[in-house]
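K.L.:
UniProt numbering puts the first residue of the sequence shown at 1, with every later residue one more than the last.
What follows is a single structure, and I will ask about it in a moment.
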Amino acid sequence: MLETHLVSSYRISPPGCTQVSITDYNEVSHLYKAARLKLTVVRLLDEHVSRASMVPLARRGWGAQQDSHAGHRARRRPVIIEESKESGSDDSENTEPNMS
1 MLETHLVSSY RISPPGCTQV SITDYNEVSH LYKAARLKLT VVRLLDEHVS
51 RASMVPLARR GWGAQQDSHA GHRARRRPVI IEESKESGSD DSENTEPNMS
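Below you can see the structure in the form of structure tokens.
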């Protein structure tokens with residue numbers, strides 16, 4: 001059986017392919033690389049922020065000074081003194097204060 005082939009002077013693209021000029025291809029390639037770079041930077045920043053939020057305040061730099069002040073405040077709690085009145089005594093000088 002004889003097979004016949006058509007010969008064309010035009011290049012035929014496979015189905016689903018679009019021909020683009022080299023200039024358009026370079027521009028699209030450049031835009032794609034720029035978009036990937038931006039996504040990578042955003043991902044790294046998000047990772048840095050999430051890791052920094054897990055670090056205790058004392059290790060962040062500014063929090064170390066605040067933590068030391070907070071510790072001093074915690075040790076200097078106000079002492080509340082109440083005068084107790086006993087049922088049989090009217091003399092308030094003889095009663096001892098209660099400390100809580």
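C-beta: ideal position from N, C-alpha, C; glycine also.
Just how far apart, CA to CA, sit residue 41 and residue 34?
P.N.:
Using only the alpha carbons, I get a separation of about 11 Å.
K.L.:
Which stretch, first to last residue, makes up the alpha helix (DSSP H) that contains residue 85?
P.N.:
No alpha helix (DSSP H) holds residue 85; DSSP gives it neither H nor E.
K.L.:
Does DSSP classify residue 41 as helix, strand or coil?
P.N.:
Correct three-state label for residue 41: helix.
K.L.:
Give the straight-line distance between the Cα atoms of residue 20 and residue 36, rounded to the nearest whole angstrom.
P.N.:
Spanning the two alpha carbons is a distance of roughly 22 Å.
K.L.:
How many Å lie between residue 25 and residue 44 at the Cα?
P.N.:
If you take the alpha carbons of residue 25 and residue 44, they lie about 29 Å apart.
K.L.:
What would DSSP say about residue 49, mapped onto helix, strand or coil?
P.N.:
In the structure shown, residue 49 sits in a helix (DSSP, three-state: H, G or I).
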